[in-house]
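All remarks here apply to the structure that follows.
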Amino acid sequence: MKRTISVLAVATGVLGATLTGIGPASAAAPAVDCSTGGYTRALNSYVPTNVQRPAVDGRSYNIAGPVAYTYEVCLDIPDTSTFTIEARIRSADGSTRVFVDDRPGDKVFRYSPGANSFWQVYGTMTGPGSTYIYYTWNEKQIPA
């Protein structure tokens, strides 16, 4: 679900910024292409909108062994939605930390649970009420 911006919209935005004497707040985010990242696992699923759901990575629980990995995820969702991801990580020493990514649209993110840890991944997809939205979770492990 690639992002495309019409030339007219860009020109209008630049002209408007020039006329008002301000610069653009930020450059357009580059398109995310999950097919080029060498991801080794893909999950096609759906979630109800506006409700936090566990196991959006397709796993009820994740347990790491003695070797630590970083997980890189490429998330493909409708461009008009935001899929807030929350990984709740419990380390071997008993400490707990939470990784959160709430950027809108398609995105790539990484999190490192560490060796001998346990974690669960939750997600909340924004959208019209009482609907389900499809997404694709692409994942690969990278040695930490």
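Here the sequence shown stands for residues 438 to 581, numbered as in this note's numbering. Just so you know, even glycine gets a beta-carbon here, dropped at the ideal spot from N, CA and C.
Beta-carbon proximity of residue i to residue j, cut-off 8 angstroms
i, j, result
"THR486", "PRO580", "no"
"GLN557", "TYR508", "no"
"VAL535", "ARG547", "no"
"CYS471", "ASN553", "no"
"VAL493", "TYR571", "no"
"SER532", "ALA505", "no"
"THR568", "VAL488", "no"
"ASP543", "THR519", "no"
"VAL545", "VAL484", "no"
"THR563", "ASN481", "no"
"PHE555", "TYR476", "no"
Limits of the beta strand (DSSP E) - the one that residue i falls within
i, result
"GLY560", "555-562"
"ILE526", "520-527"
"ASN575", "569-580"
"THR486", "It is not in any beta strand (DSSP E) - THR486 carries neither H nor E in the DSSP assignment."
"TYR506", "506-513"
"VAL535", "533-538"
"VAL545", "544-548"
Local conformation of residue i per DSSP, three classes
i, result
"THR477", "coil"
"SER497", "coil"
Test: residue i CB closer than 8 angstroms to a CB of chain B
i, result
"ASP516", "Protein chains in the displayed structure number just one, and chain B is not present."
Rounded distance between the beta-carbons of residue j and residue i, thought under 8 angstroms
i, j, result
"CYS511", "GLY551", "Not a contact, Cβ separation roughly 22 angstroms."
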